[in-house]
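Asker: Numbering (mature numbering (1 follows the signal peptide of the UniProt record, and there is no 0)), first residue to last: -24 to -1, 1 to 252.
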C-alpha cells in the first residue's frame, strides 16, 4: 500500500513539473511525437523537428512539386514553426534607420520592366528543414514553401513565402524601408485598388535608385517613383498569369497587418483588374 502512495505522489510531482514546463516554454498540447508550439506576433520562433523527403507521408507527396501545396503539416510546414529558416525576425528587413534622409525621388529616372520566360520551369515545394536561396536580388519565380501567405500587407514577409503567391497570379509590392513614404503610400493605394491577390512588404534588397517594385510570376517592374499609368498597365498585363490559377486564401500570417479585400467593382477572384 505504501508503494502505491509513493507512486501516486511521484506521478503528481511529475504532473506539476510538466505543467510548469509547459507554462515556462509556452508549449501547447502534444500531437503525435511533437509538442505543438504557439507562435505570437513577437519575434520569438519555435523549433519543431521536420521531415526530409524520404519520410514524407504518401498523402502529402506531389509528383510535380514534391510536396502538396496548401496542406498544413507539423512535420513539413504549418506556417508557424521554424520560421527562422527564412527570416530570423531582424528589424533590419523593415526599418529605415535614417528616416530624415529618405531615398530621393528623381522624376528623370525611368521605370524598368523585365520579364523572363518561365514556360519550362516547374517550382518545387520544400519543407522548413531545407533552406531556399535565390540568385536574383528580386526573384520573380523559383522554389518556395508549400503554404502561401494570406493576401494583404505585412510588417515583413520573406520571398520564400510570397513567391508561392506569384505562382497563383498575385502581384507583390516591394518597397525599400527608406523609400519616400508618399510614394510608398501612393503605390499601396493603387495596388489595393487593382486586385485582391496582392502582398505588400518592405524589402531591403531593392536598389537606392529604384526603391519600389512590383513583381508577378516571371516579371518585375522597378521604379524610382510612382507613375499610376505605368503601374496599372503592368498589373493589367502581368497579374493573374501565374501557372496555377487559384484565388484560394493562404495560411501563413506571421506579421500580417492588413488582410486584402476585393476592390469595388471586382470580386474575390479578381474578375476585373484595376476596376476604378
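Glycine residues also receive a C-beta, built at the ideal position from the N, C-alpha and C atoms.
Figure out for me which residue from 143, 142 and 163 has the closest Cα to the Cα of residue 151.
Answerer: As a position in the chain shown, residue 151 is number 175, starting the count at 1. Of the listed residues, the one whose Cα sits closest to residue 151 is 163.
Asker: Exposed or buried, what is residue 199 when buried is set at 16 or more other beta-carbons lying within 10 Å of its beta-carbon?
Answerer: Working through the chain shown from its first residue, we reach residue 199 at position 223. Answer is buried; the Cβ neighbour count reaches 16.
Asker: For the alpha helix (DSSP H) that residue 136 lies in, which residues bound it at each end?
Answerer: What you label residue 136 is simply residue 160 of the chain shown in a count that begins at 1. Looking at the DSSP string, the run of the alpha helix (DSSP H) that includes residue 136 is 135 to 143.
Asker: In this structure, does DSSP put residue 128 in helix, strand or coil?
Answerer: The residue you call residue 128 lines up with position 152 of the chain shown. Here residue 128 sits in strand by DSSP.
Asker: Quick one: what's got a C-beta closer than 8 Å to residue 148's C-beta in the same chain, skipping five residues either side?
Answerer: Stepping through the chain shown from its first residue, residue 148 is reached at position 172. These residues qualify, in order along the chain: 138, 141, 142, 174, 175, 176, 177, 190, 191 and 192.
Asker: Could you tell me which residues DSSP puts in a beta bridge with residue 88?
Answerer: The residue given as residue 88 occupies position 112 in the chain shown. Answer is 198, bridged to residue 88.
Asker: Just to confirm my understanding: we take residue 110, look at its own chain, exclude 5 residues before and 5 after, and list those with CB closer than 8 Å. What are they?
Answerer: Here the question's residue 110 lines up with position 134 in the chain shown. Excluding sequence neighbours, residue 110 sits near 118 and 135.
Asker: Output the boundary residues of the beta strand (DSSP E) element that contains residue 188.
Answerer: Taking the chain shown and counting its residues from 1, one reaches residue 188 at position 212. Where residue 188 is concerned, the enclosing beta strand (DSSP E) stretches over 188 to 192.
Asker: Within a Cβ cutoff of 6 Å, which residues of the same chain sit near residue 72, ignoring the five residues on either side of it in sequence?
Answerer: The residue labelled residue 72 in the question sits at position 96 within the chain shown. Result list for residue 72: 153 and 154, in chain order.
Asker: Mind checking residue 120: buried by the 16 CB within 10 Å criterion, or exposed?
Answerer: Residue mapping note: residue 120 aligns to position 144 of the chain shown, counting from 1. Buried, by the Cβ-count rule.
Asker: Work out the CA separation of residue 209 and residue 104 for me, nearest whole Å.
Answerer: Translated into positions along the chain shown, residue 104 becomes position 128. Translated into positions along the chain shown, residue 209 becomes position 233. If you take the alpha carbons of residue 104 and residue 209, they lie about 36 Å apart.
Asker: Looking at the strands, I want to know which residues DSSP matches up with residue 235.
Answerer: Within the chain shown, numbered from 1, the residue matching residue 235 stands at position 259. Its beta-bridge partners are 128.
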